[in-house]
Amino acid sequence: AILQANWFNADRKCFNLSASLLIFDDETEMQVLTNNLKVLGFNFEENNIEDSIWTGISSLGSGDEFASHRNGGNVAYTPWCADQPSKGGSKDCVAYANLGDYGYHNIECTSEFAFVCETKKYNTETYMCLKQEQFLEVDL
77 AILQANWFNA DRKCFNLSAS LLIFDDETEM QVLTNNLKVL GFNFEENNIE
127 DSIWTGISSL GSGDEFASHR NGGNVAYTPW CADQPSKGGS KDCVAYANLG
177 DYGYHNIECT SEFAFVCETK KYNTETYMCL KQEQFLEVDL
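Numbers 77 to 216, taken from our numbering, label the letters of the sequence shown in order.
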């Protein structure tokens with residue numbers, strides 16, 4: 077089963093892995109990761125908001141301005157779904173789904189979705205032992 081969590085818990089789980097919630101750098105990265113998630117069994121059923129994954133983008137503490145949760149900066153690549161981001165309410169967190177087209181949508185942070193953690197690749201001679209079956213390493 078694919079682990080789901082609200083945005084805050086997903087962010088914390090990534091932080092505990094020295095990683096952060098996914099933010100796509102460009103269209104190629106979005107397509108590669110989408111295809112990899114499909115291979116792993118994630119549905120991305122069209123127009124099904126339940127088939128979303130959390131991203132590291134939010135407007136928490138900044139009104140209607142969406143920014144990288146990682147560093148508070150602007151997000152260079154923002155493939156929003158049609159009619160997104162939606163205004164009003166408490167839709168402060170951003171998820172990724174296939175809502176007609178693949179892209180970002182904003183939603184309440186308490187929703188429970190799957191999530192992807194990302195980190196920079198490090199070349200090192202020291203290795204940390206983790207349960208390999210819980211992780212998938214993909215070079216993009």
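No residue lacks a Cβ here, since even glycine has one placed at the ideal position from N, Cα and C.
task: Would you kindly work out how many angstroms separate the C-alpha atoms of residue 125 and residue 143, rounded to a whole number?
output: Going from the Cα of residue 125 to the Cα of residue 143 covers about 22 angstroms.
message: Tell me which residue opens and which closes the alpha helix (DSSP H) that residue 156 is part of.
response: Counting along the chain, residue 156 falls outside any alpha helix (DSSP H), and DSSP gives it neither H nor E.
- request: Return the CA-CA distance between residue 114 and residue 167, expressed in angstroms with no decimal places.
  value: 26 angstroms
- request: Hey, could you find the ends of the beta strand (DSSP E) residue 101 is sitting in?
  value: Counting along the chain, residue 101 falls outside any beta strand (DSSP E), and DSSP gives it neither H nor E.
message: Is it buried or exposed, residue 117, if we count other Cβ atoms within 10 angstroms and call 16 or more buried?
response: exposed
Burial state of residue 94, where buried means 16 or more other Cβ atoms lie within 10 Å: By the neighbour-count rule (16 or more Cβ atoms within 10 Å), residue 94 is not buried but exposed.
message: If I follow the unbroken beta strand (DSSP E) through residue 177, where does it start and stop?
response: Annotation for residue 177: the continuous beta strand (DSSP E) segment containing it runs 177 to 183.
Residue 134 versus residue 80 - alpha carbon distance: 18 angstroms
- prompt: What residues in its chain sit with their C-beta under 7 angstroms from that of residue 190, if we drop five residues either side in the sequence?
  reply: Excluding residues within five positions, the ones whose Cβ falls inside 7 angstroms are 78, 79, 80, 118 and 129.
- request: Would you mind stating whether residue 184 and residue 169 have Cβ atoms separated by less than 9 angstroms?
  value: yes
message: Please classify residue 100 as buried or exposed, where buried requires at least 16 other C-beta atoms within 10 Å of its C-beta.
response: buried
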